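*Asks:* Protein sequence lines, in the order shown, are assigned to chains P and V. Each residue of the first sequence is one higher than the one before, starting from 1 at the first, in UniProt numbering. Each residue of the second sequence is one higher than the one before, starting from 1 at the first, in UniProt numbering. Note that CB positions come from ideal geometry on N, CA and C, so glycine has one too. Computed from a predicted structure; not experimentally measured. Dumping the structure here so I can ask a few things about it.
Protein chains: 2
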Amino acid sequence: MSPKITGELLRLLRNAMRNCKYVSEPIQAYIIPSGDAHQSEYIAPCDCRREFISGFNGSAGTAIVTEQHAAMWTDGRYFLQASQQMDNNWTLMKMGLKETPSQEDWLISVLPENSKVGVDPWIIAADQWKHMSKALSSAGHSLVAVQDNLIDVVWTDRPERASSQLRILGLEHAGVSWQDKVTALRGKMAERKINWFVATALDEIAWLFNLRGADIEYNPVFFAYTILGMNSIRLFVDLKRLSDPALRDHLQLDSPSKADMSIQTFPYESVYTELQAICAALGPKDKVWICDKASCCLTQVIAKPHRTPIPYTPLCLAKAVKNPTEIQGMKLAHIKDAVALCELFAWLEKEIPKGTVTEISAADKAEELRSQQKDFVGLSFPTISGVGPNAAIIHYGPLPETNRTLTVNEVYLIDSGAQYIDGTTDVTRTMHFGTPSAYEKECFTYVLKGHIAVSAAIFPNGTKGHLLDSFARAALWESGLDYLHGTGHGVGCFLNVHEGPCGISYKTFADEPLEAGMIVSDEPGYYEEGSFGIRVENVVLVVPAKPKYNYRNRGSLTFEPLTLVPIQVKMMSTELLTQRERDWVNEYHRKCREVVGAELERQGRKQALEWLIRETQPIV
Amino acid sequence: MSPKITGELLRLLRNAMRNCKYVSEPIQAYIIPSGDAHQSEYIAPCDCRREFISGFNGSAGTAIVTEQHAAMWTDGRYFLQASQQMDNNWTLMKMGLKETPSQEDWLISVLPENSKVGVDPWIIAADQWKHMSKALSSAGHSLVAVQDNLIDVVWTDRPERASSQLRILGLEHAGVSWQDKVTALRGKMAERKINWFVATALDEIAWLFNLRGADIEYNPVFFAYTILGMNSIRLFVDLKRLSDPALRDHLQLDSPSKADMSIQTFPYESVYTELQAICAALGPKDKVWICDKASCCLTQVIAKPHRTPIPYTPLCLAKAVKNPTEIQGMKLAHIKDAVALCELFAWLEKEIPKGTVTEISAADKAEELRSQQKDFVGLSFPTISGVGPNAAIIHYGPLPETNRTLTVNEVYLIDSGAQYIDGTTDVTRTMHFGTPSAYEKECFTYVLKGHIAVSAAIFPNGTKGHLLDSFARAALWESGLDYLHGTGHGVGCFLNVHEGPCGISYKTFADEPLEAGMIVSDEPGYYEEGSFGIRVENVVLVVPAKPKYNYRNRGSLTFEPLTLVPIQVKMMSTELLTQRERDWVNEYHRKCREVVGAELERQGRKQALEWLIRETQPIV
């Protein structure tokens, strides 16, 4: 992988930073967050500004360009990748290491006195703006909103914003009508005496209206805003998308059943002026809910006395607890996904010895096999398919120039998932198609012990996911090992593969408590730079547990794996497993065989079925 | 225990809330935090205002009195105790339960429009003020500083503020001179370009100057403030205390060795005006460090552009990492403490069957035995000595009216500790002097498993203590049990038995990472209301660990128990312990026998030695 040449681009950007066409006074630094106006994690090509300017295309990172410097902050998943994709103009700031300065500390250390730091107010979240603005002011600098995005100024061939066709999600998949969701949301608003709610997160809007789009690759969402009042619903979206009669019918655009369920539609771009108009007409005690991670620009439209910022919106919370229809859909999606993966692994086993399978072709094969499954829509994220040292790059995506051939001598890691109309999947398996080394097996076994410790954990109702993070690390820690990423994220149902407000990570304290019906991933790993990478990931459903006692009637929870793909026994040092861990593996494999076996049988996939049966033999 | 009758007091307080002698306009609510002007956890009798008005004397709690209501917020340790100590005028707000409103939410729900809520600005911490003020403003109310403390107004027989004799801590105990501590602190200030540091926490000031006092029971501190500049040291203290020639010599008050080590002394009360004078003379870029938990009153003296609030001061951080002299002192203190406890338990075993030992007499005996040890100064907190249902009251202190007799039929819990000149101790043991029930043993064993899981944990350098909290709970959770308090707190060295900035708790995310040399407690428990209580507590030292691997050269840490008192084998269901847990118990008991046995031998305490040897037989 050769880095992007950025010298000329940075020169142009620095010119723009001084150009009075864009800034009233020159700015000494410009912040380029990775995100769009909806603070999406995955973004459309037209929004990949941080990648455009730096070459680094990982999912998380913030660039800051000053007159002298260009620096990129990213986390442990991307240290290697970022250092390979960026040229010498860039300094990599490794977040999470003690010696790495925060963005604000770094800015304060390099800026001349009384500097102005610019940022696009649509791209920066309100809470980040506040934090950064405060830190800069305290050092005599100021954060300024630059209305024209300066990357767009130098990005001459920037792609158009997508406007894909909208897909209606029927009740058989959504479980609850959008009208009922609106009613529930208004109930939450009434409870908290809130008059208006501004929805800016694309997955929340898609979930609310039981609609899906394809504006952003991997995430079935569409560009839109919604402003919900107690008697009104405003939807901001490219109006061309609303011509389909079925869609108009679904949204009751032409004949609303009830006045308060009547959706007024507006062009996507008019959200700012419309919100201004609403805010101008607010009563003195009226309150507006907006996520504190919404854009600074929209947030500041709401005058402070009316603004009630919330870390997680009621839509985010409601969406996280899957309804029975969604749970059933997620289960079906995972069975289909397991069928594709069993087939893949059986195929790999046969093909790898021929020396013809590469990281890319294996990923392609996985996609091909998934696409044969019913209601397949697309992948849920770019497949991570890495062999040997490439697997140590935590979010590695194979490129032609990095593409390695799978052999019987190296560990292979594949982290992949798909969108089906009934649900979203995300699974990682680490396999060896020859004989793994004792060390590889040892590390794999520690990771597996961590995976099991989380998956089998029983914990009280009300427990936040971050309290479970250390369970995933204990076995690694005991041997002096660790991994520099969280253990799990929320997973949407035919929605974003990463969603809040729950997760399992040492990095946050603000996650919402786990509840029955929530779905998260459980994915500890171990990565040895330049050598190999290991991760074992299942998507798991939070379910009630019934332990022996019930302290204070709080009730207990545990996890049920939705992912049903065998975990390679060959990679385990079974003597390092406790009897309970061995029992867990055997019970898990029994269920894989039973559930996925039946589906393989039904689909007549004999080779995969044989593979499944062999790979799910009990261990002793 | 009968509750305090508070009707008349509340009537007087409500009068004061309307009296223009104290408030320019009537206030509709008055907040009574539990604390003093230094935000101490343990407070002097003259500062026990929340106890005076409510009767509730636990270590944590905040009272709010409105025209109609009186409510008390406290945490799970005190639910029982508070409900017993308060009369019907009070509503108990059980913090940590989902249905319990926060103080601000409750105020907003009960106050009439545009209410004023008063508080003593010396008692409320700056961060609490900010939080409360913001929440109230957003609902149309306001938080106002009431200069006269309204509890003092109605507290006619309020005690005088103590001014005990100061004790010099020689280098043989302190390890580092106060001058070297000042130099190190100034180094930290220079590093961060800070010009002034305002120290308000009593233990930080005591630690800095290698002085101890006795102004607050159990905590060897004295009322003082310090303002440190790069060339000046101001000490605010009752000047009468500085007449002792040895003390004047220790502080070099009459002949400072260097100008920048010259201490200027001021009356305790003049800190406000002196800080005002300093702040008036600040240069435009001058910065002042003050803890964000310091009083709102002192904090607001520093104009915002100059104020740099910090969650933990450099003194707090430096004090937490014990130097080799302090570690050695803590080890010695714990050996002496173990001698006293072995003697106590041997005595209890003989005396309990006679029916003559009560919770109070057992606690008194423990104190008597500790006081026989060299350099004993006093207890480090009120002894918790509870049998049967009383032990389920987490911070129970026996009173004549609650005092129960120890028998061979009930579990006995004693949580106690002492101040010695060389160190501070804090230990809990739960014992049965007859035959415990299977259920009591089962619960005890889960608690012990949690204790061992923390004590034996290996974790990377840089890990925050809160990440270890779940280790202590896993075995309890698995059976549906839990405890509603944190797992550990920092422990001072001949200082406060509770200190920051580290700890082991699910409740905080802002603790500082654990470092070798830090000392914390490890104290999971289980409490069955109305029946019994269990806790197993050791004080443990953070020490480097050497596991097999060393990922990213981060290094690993683990704990070494400083407490060396046998854990009663009779209470264990050894069949529930893993082999590793049994090995841990045996190794711990071997060390108790070796180290404490030698000291018992030296002190000629034969009976206790026999008890120790019997209680430390290996388990299989």
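Please classify Gly159(V) as buried or exposed, where buried requires at least 16 neighbouring CB atoms within 10 angstroms.
*Replies:* According to the sequence displayed, residue 159(V) carries Pro and not Gly. Per the 10 Å Cβ criterion, exposed.
*Asks:* Hey, quick one: how far does the alpha helix (DSSP H) through Leu155(P) stretch, first residue to last?
*Replies:* Sequence check: residue 155(P) is Trp here, not Leu. Trp155(P) -> no alpha helix (DSSP H), and no H or E assigned at all.
*Asks:* Please list the terminal residues of the continuous beta strand (DSSP E) segment that includes Thr430(P).
*Replies:* Element bounds for Thr430(P): Val427 to His432.
*Asks:* In the DSSP assignment, find the unbroken alpha helix (DSSP H) run with Lys374(V) in it and report its ends.
*Replies:* No alpha helix (DSSP H) contains Lys374(V), which DSSP labels as neither H nor E.
*Asks:* Suppose the cutoff is 6 Å on Cβ atoms and the five residues either side in sequence are ignored; what does the same chain contact list for Leu228(P) look like?
*Replies:* The answer, listed in chain order, is Phe197.
*Asks:* Return the residue from the list Ile327(P), Asn195(P), Glu204(P) and Thr574(P) that minimises the CA-CA distance to Lys181(P).
*Replies:* Among Ile327(P), Asn195(P), Glu204(P) and Thr574(P), the Cα nearest to that of Lys181(P) belongs to Glu204(P).
*Asks:* When you compare the CB positions of Ser380(P) and Tyr483(P), do they come within less than 7 Å of one another, or not?
*Replies:* No, they are not a contact pair.
*Asks:* From Val542(V), Val237(V) and Cys296(V), pick the residue whose C-alpha is nearest to that of Ala125(V); which is it?
*Replies:* For the residues Val542(V), Val237(V) and Cys296(V), the minimum Cα distance to Ala125(V) belongs to Cys296(V).
*Asks:* Let me know the beta strand (DSSP E) ranges lying completely inside the stretch 218-277 of chain V, each 3 residues or longer, listed in chain order.
*Replies:* Entirely contained in the stretch 218-277 of chain V, the beta strand (DSSP E) runs reaching 3 residues are, in chain order, 224-229, 233-237 and 263-266.
*Asks:* Answer with yes or no whether the minimum CB distance from Ile458(V) to chain P is below 7 Å.
*Replies:* Closer than 7 Å: yes.
*Asks:* Contact criterion: CB-CB distance below 7 Å. Does Lys378(P) meet it with respect to chain V?
*Replies:* What sits at residue 378(P) in the sequence shown is Gly, not Lys. Output row for Gly378(P): interface = no.
*Asks:* Suppose the cutoff is 7 Å on Cβ atoms and the five residues either side in sequence are ignored; what does the same chain contact list for Pro513(P) look like?
*Replies:* Taken in chain order, the residues that qualify are Gly462, Thr463 and Lys464.
*Asks:* Contact between the stretch 288-308 of chain P and the stretch 382-392 of chain P is defined here as three or more beta-carbon pairs at a separation below 8 Å; is this criterion met?
*Replies:* No contact exists between the stretch 288-308 of chain P and the stretch 382-392 of chain P.
*Asks:* Can you check which of these residues, Ala281(P), Leu10(P) and Lys240(P), is closest to Asp152(P) by C-alpha distance?
*Replies:* Cα-wise, what sits closest to Asp152(P) is Leu10(P).
*Asks:* Measuring straight from C-alpha to C-alpha, what distance separates residue 705(V) and Glu359(V)?
*Replies:* The requested residue 705(V) is not part of the displayed model; chain V covers only 1 to 620.
*Asks:* Does the count of Cβ pairs from the stretch 367-383 of chain V and the stretch 338-351 of chain V closer than 8 Å reach three?
*Replies:* With the cut-off at 8 Å, the stretch 367-383 of chain V and the stretch 338-351 of chain V touch.
*Asks:* Using a 10 Å radius around the Cβ and a threshold of 16 neighbouring Cβ atoms, would you call Gly417(V) buried or exposed?
*Replies:* Gly417(V) is buried by the Cβ-count criterion.
*Asks:* Take every Cβ of the stretch 535-554 of chain P, pair it with every Cβ of the stretch 346-354 of chain P, and state whether three or more of those distances are shorter than 8 Å.
*Replies:* The stretch 535-554 of chain P vs the stretch 346-354 of chain P: no contact.
*Asks:* Where do the ends of the beta strand (DSSP E) carrying Tyr527(P) lie?
*Replies:* Where Tyr527(P) is concerned, the enclosing beta strand (DSSP E) stretches over Gly525 to Glu528.
*Asks:* Runs of 4 residues minimum, wholly inside the UniProt domain "Creatinase N-terminal" (48-147) of chain V: which ones carry the alpha helix (DSSP H) assignment?
*Replies:* Entirely contained in the UniProt domain "Creatinase N-terminal" (48-147) of chain V, the alpha helix (DSSP H) runs reaching 4 residues are, in chain order, 49-54, 79-85, 103-110 and 126-138.
*Asks:* How far does the alpha helix (DSSP H) with Arg192(P) in it extend, from its first residue to its last?
*Replies:* Looking at the DSSP string, Arg192(P) is not in any alpha helix (DSSP H), and its letter there is neither H nor E.
*Asks:* Whose Cβ in chain V lies nearer than 8 Å to the Cβ of Gly283(P)?
*Replies:* The contacting residues do not exist; Gly283(P) stays about 13 Å from chain V at best.
*Asks:* Please report the distance separating the alpha-carbon of Thr508(V) from that of Arg241(V).
*Replies:* If I take the Cα positions, the gap works out to 38 Å.
*Asks:* What would DSSP say about Val565(P), mapped onto helix, strand or coil?
*Replies:* Coil.
*Asks:* At 8 Å on the CB atoms, spell out the chain P contacts of Ser556(V), in chain order.
*Replies:* Those within 8 Å of Ser556(V) in chain P are Trp477 and Gly480.
*Asks:* With a cut-off of 8 Å on the beta carbons, I'd call Gln373(V) and Tyr412(V) a contact; round off their distance for me.
*Replies:* Their Cβ separation, rounded to whole angstroms, is 22 Å, which puts Gln373(V) and Tyr412(V) out of contact at 8 Å.
*Asks:* Does the beta-carbon distance from Leu564(V) to Val596(V) come in below 7 Å?
*Replies:* In contact: Leu564(V) and Val596(V) (Cβ atoms closer than 7 Å).
*Asks:* Apply the 10 Å Cβ neighbour rule to Gln85(V) and answer buried if 16 or more other Cβ atoms are within range, or exposed otherwise.
*Replies:* Buried: at least 16 other Cβ atoms inside 10 Å.
*Asks:* Decide if Gln568(P) is buried, meaning its Cβ has at least 16 other Cβ atoms within 10 Å, or exposed.
*Replies:* So Gln568(P) counts as buried.
*Asks:* Which two residues bound the contiguous alpha helix (DSSP H) that contains Ser470(P)?
*Replies:* Residues Asp469 to Glu478.
*Asks:* Please list, in chain order, all residues of the same chain as Lys606(P) whose beta carbon is under 6 Å from its beta carbon, the five residues on each side excluded.
*Replies:* Cβ within range, chain order: n/a, list empty.
*Asks:* Closer than 9 Å between beta carbons: that is the criterion. Which residues of the stretch 537-567 of chain P meet it against chain B?
*Replies:* As a matter of chain content, chain B is missing from the structure shown, whose protein chains are P and V.
*Asks:* Report buried or exposed for Arg473(P), applying the criterion of at least 16 other Cβ atoms within 10 angstroms of its Cβ.
*Replies:* Looking at its Cβ environment, which holds 16 or more other Cβ atoms inside 10 Å, Arg473(P) is buried.
*Asks:* Name the chain V residues whose beta carbon is nearer than 7 Å to that of Lys98(P)?
*Replies:* Within chain V, the residues near Lys98(P) are Gly462.
*Asks:* Can you give me, in chain order, the residues of the UniProt domain "Creatinase N-terminal" (48-147) of chain V that have a beta carbon less than 8 Å from any beta carbon in chain P?
*Replies:* From the UniProt domain "Creatinase N-terminal" (48-147) of chain V, only Lys98, Ser138 and Gly140 have a Cβ closer than 8 Å to chain P.
*Asks:* Which residues, taken in chain order from the stretch 498-515 of chain P, show a beta carbon closer than 9 Å to some beta carbon of chain V?
*Replies:* Those would be Tyr506, Thr508, Phe509, Ala510 and Pro513, in chain order.
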